[in-house]
Amino acid sequence: MDSRTPIQPLLAGTSEQALAWSGELEQQGILVSAIRPPTVPEGGARLRVTLSAAHSDAQLDRLLDALASLKIGPLP
Numbered sequence: 071m072d073s074r075t076p077i078q079p080l081l082a083g084t085s086e087q088a089l090a091w092s093g094e095l096e097q098q099g100i101l102v103s104a105i106r107p108p109t110v111p112e113g114g115a116r117l118r119v120t121l122s123a124a125h126s127d128a129q130l131d132r133l134l135d136a137l138a139s140l141k142i143g144p145l146p
């Protein structure tokens with residue numbers, strides 16, 4: 071995740087996909103919000119990962135492993 075901000079968007083496209091990914095991550099104990107229209111334009115649904123200095127390296131590695139297992143990547 072190459073950004074200087076604590077909020078990382080991960081494009082899903084559809085609301086259904088964003089909700090599915092969010093649910094799958096939640097089942098793994100990882101809370102990531104699904105952001106859908108009207109907050110974002112139609113076709114722009116995404117996950118919103120919010121990072122903080124309170125997250126440990128192990129937690130970040132766990133998140134990245136979970137994202138990779140679901141084949142979720144950053145915005146192009």
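For what it's worth, this note's numbering labels the leading residue of the sequence shown as 71, then goes sequentially.
Glycine is no exception: its CB is placed at the ideal position from the N, C-alpha and C atoms.
Only a predicted model underlies this, so the values are computations on that prediction, with no experimental measurement involved.
- For G113, there is no enclosing alpha helix (DSSP H), as DSSP marks it with neither H nor E.
- It is roughly 11 Å from the alpha-carbon of E86 to the alpha-carbon of P107.
- Taking 9 Å as the cut-off, the beta carbon of L117 is found closer than this to the beta carbon of L80.
- Approximately 17 Å separates the beta-carbon atoms of G143 and G113; this is outside 8 Å, ruling out the contact.
- Only residues of its own chain outside the window of five on either side were considered, and among them A136 have a CB closer than 7 Å to the CB of Q98, listed in chain order.
- Nearest Cα to L101 within the set K141, A88, T75 and R74: A88.
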